[in-house]
Amino acid sequence: MEDDNALDIVKWLFREDTKVDLEGNLKIIEKDSENEWNARLKGNLLALRPVAAVAEPLLLVCERIVVKRVADTKQPQFAITYGQSEVVFQAEDEDKLFDWMVKLAISSHQKTQAELDQVLNEFNMEAARITAETRAPSSPLSHFFLTSPIKKDHTFSVFHSFNMPNRTISCEEAMYESKLSIIIPTCMIKIFEKWWIELRNDLLEHLANLRNASMDAASHYVIRHLNSNLEVYSQMREFMDDYSGPNFRPSKEKYRLAFSLVPTNLHVQSFEVSDHKWTYITCGAISGTPLRFKQGGLSRLRDTLMASLQPNSQDYLLETRFFTRRKTLLNAKKMVGELSRRIENDWKMEVFGKVDKVGIKLFSEVKQLYELIVDLINSFPNIHNLVDALCPGGLAQLEAVQGQPPKVTETLAAQMDALEAAVISLNTKMAVIDKVEDQDSQSDDGRFGGATIRRFFPDRPIFEIAICCTVQFLTAAQCNLVLT
Numbered sequence: 000m001e002d003d004n005a006l007d008i009v010k011w012l013f014r015e016d017t018k019v020d021l022e023g024n025l026k027i028i029e030k031d032s033e034n035e036w037n038a039r040l041k042g043n044l045l046a047l048r049p050v051a052a053v054a055e056p057l058l059l060v061c062e063r064i065v066v067k068r069v070a071d072t073k074q075p076q077f078a079i080t081y082g083q084s085e086v087v088f089q090a091e092d093e094d095k096l097f098d099w100m101v102k103l104a105i106s107s108h109q110k111t112q113a114e115l116d117q118v119l120n121e122f123n124m125e126a127a128r129i130t131a132e133t134r135a136p137s138s139p140l141s142h143f144f145l146t147s148p149i150k151k152d153h154t155f156s157v158f159h160s161f162n163m164p165n166r167t168i169s170c171e172e173a174m175y176e177s178k179l180s181i182i183i184p185t186c187m188i189k190i191f192e193k194w195w196i197e198l199r200n201d202l203l204e205h206l207a208n209l210r211n212a213s214m215d216a217a218s219h220y221v222i223r224h225l226n227s228n229l230e231v232y233s234q235m236r237e238f239m240d241d242y243s244g245p246n247f248r249p250s251k252e253k254y255r256l257a258f259s260l261v262p263t264n265l266h267v268q269s270f271e272v273s274d275h276k277w278t279y280i281t282c283g284a285i286s287g288t289p290l291r292f293k294q295g296g297l298s299r300l301r302d303t304l305m306a307s308l309q310p311n312s313q314d315y316l317l318e319t320r321f322f323t324r325r326k327t328l329l330n331a332k333k334m335v336g337e338l339s340r341r342i343e344n345d346w347k348m349e350v351f352g353k354v355d356k357v358g359i360k361l362f363s364e365v366k367q368l369y370e371l372i373v374d375l376i377n378s379f380p381n382i383h384n385l386v387d388a389l390c391p392g393g394l395a396q397l398e399a400v401q402g403q404p405p406k407v408t409e410t411l412a413a414q415m416d417a418l419e420a421a422v423i424s425l426n427t428k429m430a431v432i433d434k435v436e437d438q439d440s441q442s443d444d445g446r447f448g449g450a451t452i453r454r455f456f457p458d459r460p461i462f463e464i465a466i467c468c469t470v471q472f473l474t475a476a477q478c479n480l481v482l483t
């Protein structure tokens, strides 16, 4: 650079219409003074003009310089070292300090030369040509699913070095439409429509046996919602069956409801440079735009639902609680079967006056089973109303299928009272079972005979009541699953 054109360069850099890489105020720190300068950086040229002091402007050519932060101070200062000289600058704050150090560290005439070469290449090179002539996909499977190819040629000029000419890189881009973008959504719509029809028919079948006004109103609301969705699915299926356009959803059609399941601008792109080939799949963001959610979509609906529910009602929406209770229920049913088997096979009459260890152990396990069932039932909020509302309809439907006349079912509270009374009776009878001598109650094989069973269990065995209650609770758990 000549000395006589340095002032002209400074004037050009400080013109208002000159676009620069970075500008701001910097302080030049000297031993006995600090002066504030207005600085502008473009490429590898740093121009400095004093703000208040009377001094000549400076022009610094950023070549072979070392930029480092001043370590022995808390101020945002950095130093530029070139040869044997060093200049210390102070930025306005830490963010500006980082920006100045990064820009000055990477500034070079090579970067400026590359930018000029890029502008010259864009000016000289003609625009990329777009044609429909392209080679077929290499894979036969890809050839079956891909269609409507479009080819575009790109040319880039890359700066290499001072003693070598610029390199020219040619790239061929091929873009295909995917037939699966239409085939898969069409099949999904048909499957969804079939599922919703089956669900509606099942609800209609249950609706005929409901005997509760609140459940009847809720079921009618669900059926109306299903009919509305079925109408939408029917319109979407008719539209997709008659559709003959491109195999994707254009951006201008993103609000069309019939295109809801079709991906937006999905293409398979293939780039080839020399002997190397890369394939990518590009697609627009997945969203519920056709549904026109103005203030959020699914997350807002879920938050609104959770906010409208009472604390007890939120219990039915937690899947972890359901599976935990289901596991507990299955263990209780397993205990019922095991106790029934041990009563029939292992419980034998011992010598009168001795402690019946087997009977005591069975009695303790029966009490544990009873407490388990009670705790499990009480863990459900509003379980009594749910069982009383849903079980009669389910039993009536089962009886209608089996061809039996309808029966009047007991409420869950009545069954729990009967179970509690049976446990109390069993507790009393077990307290005196080893004190009462019954010569006729012992059979030939040493087991209790029918007289003892009838005397200790006049109505029905405790295990039968436990089984009935467990089956009733299983029905309630299934109803809870349906509500969830």
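With numbering that gives the first Met the number 0 applied, the sequence shown covers 0 to 483.
Heads up, the beta-carbon is just placed ideally off N, CA and C, and yes, glycines get one too.
Query: Could you tell me which of N4, R48, A417, N264 sits nearest to L25, measuring between CA atoms?; Result: R48
Query: To the nearest angstrom, how far is the alpha carbon of V69 from that of T17?; Result: 31 Å
Query: Please classify Q89 as buried or exposed, where buried requires at least 16 other C-beta atoms within 10 Å of its C-beta.; Result: buried
Query: Assign S424 to one of three DSSP states: helix, strand, or coil.; Result: helix
Query: In chain order, what residues of the same chain have a beta carbon less than 6 Å from the beta carbon of G42, not counting five sequence neighbours either side?; Result: T111
Query: So E176 and P245 are in contact, right, with Cβ under 8 Å, and what is the actual spacing, rounded?; Result: 6 Å
Query: Would a C-beta distance cut-off of 8 Å place L202 and S218 closer than the cut-off?; Result: yes
Query: Measure the alpha-carbon distance for I342 versus A420 and round it to whole angstroms.; Result: 20 Å
Query: Does P63 pass the burial test, meaning 16 or more other C-beta atoms within 10 Å, or should it be called exposed?; Result: Residue identity differs from the one stated: residue 63 is Arg in this sequence, not Pro. Result: exposed.
Query: Whole angstroms is fine: what's the gap from L59's alpha carbon to E91's?; Result: 20 Å
Query: With H, G and I counted as helix, E and B as strand and the rest as coil, what does DSSP make of A306?; Result: helix
Query: Do the stretch 250-265 and the stretch 273-290 meet, that is, are 3 or more Cβ pairs less than 8 Å apart?; Result: yes
Query: My understanding is that C61 touches S106, with C-beta atoms under 8 Å, so please give their C-beta distance in whole angstroms.; Result: 4 Å
Query: Of all the options T154, I376, D345, which has the alpha carbon lying nearest to the alpha carbon of E172?; Result: T154
Query: I think V335 touches L368, with their Cβ atoms under 8 Å apart; what is that distance to the nearest whole Å?; Result: 7 Å
Query: Comparing C-alpha positions only, which one of L21, M239, Q234 sits nearest to L44?; Result: L21
Query: Taking the beta carbon of Y232 as the centre, do at least 16 other beta carbons fall within 10 Å, making it buried, or is it exposed?; Result: buried
Query: So what does DSSP say about G82, is it helix, strand or coil?; Result: coil
Query: Could you tell me the alpha carbon to alpha carbon distance between M187 and R299, rounded to whole angstroms?; Result: 26 Å
Query: Using the three-state DSSP reduction, which class does C282 fall into: helix, strand or coil?; Result: coil
Query: How is the alpha helix (DSSP H) around G287 delimited, first residue to last?; Result: Careful: G287 lies outside any alpha helix (DSSP H) and carries neither H nor E.
Query: For T410, does the three-state DSSP call read helix, strand or coil?; Result: coil
Query: When you compare each of S169, V66, W11 to L86 by their alpha carbons, which one comes out closest?; Result: This sequence places Val at residue 86; Leu is not what is there. Checked all of S169, V66, W11; the closest Cα to V86 is V66.
Query: Taking the Cβ atom as the reference point for each residue, do E35 and V50 lie within a distance shorter than 8 Å?; Result: yes
Query: Excluding the 5 residues flanking M0 on each side, which residues of the same chain have their C-beta closer than 6 Å to its C-beta?; Result: Residue confidence for M0 is low, a pLDDT of 46 falling below 50, so the modelled location carries little weight and cannot support an answer.
Query: Since N24 is in the beta strand (DSSP E), which residue starts that stretch and which ends it?; Result: 21-28
Query: Identify whether R291 lies in helix, strand or coil by the three-state DSSP scheme.; Result: coil
Query: Do M174 and Q268 have their CB atoms nearer than 8 Å?; Result: yes
Query: How many angstroms separate the CA atom of T451 from the CA atom of L328?; Result: With a pLDDT of 41 at T451, under the threshold of 50, the modelled position of that residue is not reliable, and the figure given next carries that caveat. Taking the straight line from one Cα to the other gives about 31 Å.
Query: How big is the Cα-Cα spacing for M235 and F258?; Result: 8 Å
Query: As a quick exercise: from P56, E29, E55, pick the residue whose alpha carbon is nearest that of Q76.; Result: E29
Query: Can you tell me the Cβ-Cβ gap for V9 and A46, rounded? I've got them flagged as a contact below 8 Å.; Result: 5 Å
Query: Tell me which residues share the same chain as T146 and place their Cβ nearer than 7 Å to its Cβ, disregarding the 5 neighbours each side in the sequence.; Result: Y175, E176, K178, N246
Query: Taking the CB atoms as reference points, tell me whether Y254 and P289 lie closer together than 8 Å.; Result: yes
Query: Report the option in A430, D416, V221 whose CA atom is closest to the CA atom of V383.; Result: Reading the sequence as shown, one finds His at residue 383 and not Val. Looking at the Cα atoms, D416 is the closest of the given residues.
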